[in-house]
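*Asks:*
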Amino acid sequence: MGVLCSSNAHRFYVGGDDGWTLHPSRNYNHWAEKYRFLINDELVFKYKKGHDSVLVVNRNDYSKCNKENPMKALKSGDSSSSIFKLEKSGPFFFISGHDQNCEKGQKLDIIVLSPRHHNITPSSAPKAPTIHHSPTPSPSPAPFHDSGIESSKPNKPFRIQ
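Here it is in structure tokens:
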């Protein structure tokens with residue numbers, strides 16, 4: 111399984127059933143392309159306890175597989191997985207901290223999308239309310255404008271339904 115959902119966030123199991131391993135059936139970045147990562151989502155790195163680790167690094171250290179100065183080293187504790195919560199938008203870079211695994215391809219980069227307001231497209235735009243005028247006699251006919259739109263000034267308030 112790749113994803114578990116809750117009301118506000120998703121939990122992604124990096125690599126799906128393969129987990130965080132040197133030779134996954136699918137490249138980690140290809141795996142990540144299937145998903146949209148948002149703030150508060152969590153990445154779960156599953157691996158054999160004591161045989162691997164996960165380092166959060168900057169872009170340069172990701173490119174060079176530099177394990178010397180990670181921004182964060184994910185700890186597995188008593189379990190065989192590490193969890194990383196995505197707390198801000200932007201790029202994140204993860205590499206294996208074990209031997210030469212990063213150099214052999216065990217690394218992942220993702221982009222966390224920034225929050226966006228719901229965009230209204232013409233097909234989903236709400237329709238304007240219909241305005242109904244109360245029938246009232248007008249002392250004089252309403253003027254006609256060249257714009258093609260007739261304008262009138264009712265003597266009494268109108269009601270919007």
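Numbered per our numbering, the sequence shown finishes at 271, counting up by one with no gaps.
Just so you know, even glycine gets a beta-carbon here, dropped at the ideal spot from N, CA and C.
Does the pairing of the region 127-144 with the region 209-218 give three or more beta-carbon distances under 8 Å?
*Replies:* Judged by Cβ distances under 8 Å, the region 127-144 makes contact with the region 209-218, as three or more pairs qualify.
*Asks:* Quick one, which of LEU223, PRO225, CYS212 has its alpha-carbon nearest VAL166's?
*Replies:* Taking the sequence shown and counting its residues from 1, the one referred to as residue 166 is at position 56. If we check each option's Cα against that of VAL166, CYS212 comes out closest.
*Asks:* If you reduce the DSSP assignment to three classes, tell me which class ARG136 lands in.
*Replies:* Translated into the one-based positions of the sequence shown, residue 136 becomes position 26. ARG136 falls in the coil class under three-state DSSP.
*Asks:* Is it true that the region 181-201 meets the region 148-156, where meeting means three or more beta-carbon pairs spaced less than 8 Å apart?
*Replies:* Output reads yes: the region 148-156 touches the region 181-201.
*Asks:* Alpha carbon to alpha carbon, what distance is there between TYR145 and ASP162?
*Replies:* Walking along the sequence shown from the start, residue 162 turns up at place 52. Walking along the sequence shown from the start, residue 145 turns up at place 35. Using only the alpha carbons, I get a separation of about 24 Å.
*Asks:* Would TYR123 pass as a contact of VAL154 if the rule is Cβ separation under 8 Å?
*Replies:* In the sequence shown, residue 123 corresponds to position 13, counting from 1. In the sequence shown, residue 154 corresponds to position 44, counting from 1. For TYR123 and VAL154, yes; Cβs fall inside 8 Å.
*Asks:* Considering only C-alpha positions, which residue in the set HIS208, PHE194, LYS185, SER191 is nearest to LYS292?
*Replies:* One cannot answer for residue 292 here, as it falls past the ends of the chain, which runs 111 to 271.
*Asks:* Beta strand (DSSP E) containing ASP128: first to last residue?
*Replies:* Within the sequence shown, residue 128 is the residue found at index 18, counting from 1. Here ASP128 belongs to no beta strand (DSSP E), and DSSP marks it neither H nor E.
*Asks:* Kindly indicate which residue of PHE203, SER186, ASN170, ASP127 has the alpha-carbon position closest to the one of GLY160.
*Replies:* Position 50 of the sequence shown, counted from the first residue, corresponds to residue 160. Checked all of PHE203, SER186, ASN170, ASP127; the closest Cα to GLY160 is SER186.
*Asks:* Assuming PHE194 contacts ARG169 (C-beta within less than 8 Å), just tell me the rounded distance between them.
*Replies:* The residue given as residue 194 occupies position 84 in the sequence shown. The residue given as residue 169 occupies position 59 in the sequence shown. Not quite, the Cβ-Cβ distance comes to about 17 Å (not below 8 Å), so this is no contact.
*Asks:* Rounded to whole angstroms, what's the CA-CA distance from ASP128 to LEU223? Just pull it up for me.
*Replies:* Along the sequence shown, one-based indexing puts residue 128 at 18. Along the sequence shown, one-based indexing puts residue 223 at 113. Rounded to the nearest angstrom, the two C-alpha atoms are 25 Å apart.
*Asks:* Taking the beta strand (DSSP E) that ARG121 belongs to, which residues open and close that run?
*Replies:* The residue labelled residue 121 in the question sits at position 11 within the sequence shown. Here the beta strand (DSSP E) through ARG121 covers 120-123.
*Asks:* Expressed to the nearest angstrom, what Euclidean distance is found between the alpha-carbon atoms of CYS175 and ARG121?
*Replies:* Translated into positions along the sequence shown, residue 175 becomes position 65. Translated into positions along the sequence shown, residue 121 becomes position 11. If I take the Cα positions, the gap works out to 26 Å.
*Asks:* Mark SER206 as exposed unless 16 or more other C-beta atoms lie within 10 angstroms of its C-beta, in which case mark it buried.
*Replies:* Within the sequence shown, the letter at position 96 stands for residue 206. Result: buried.
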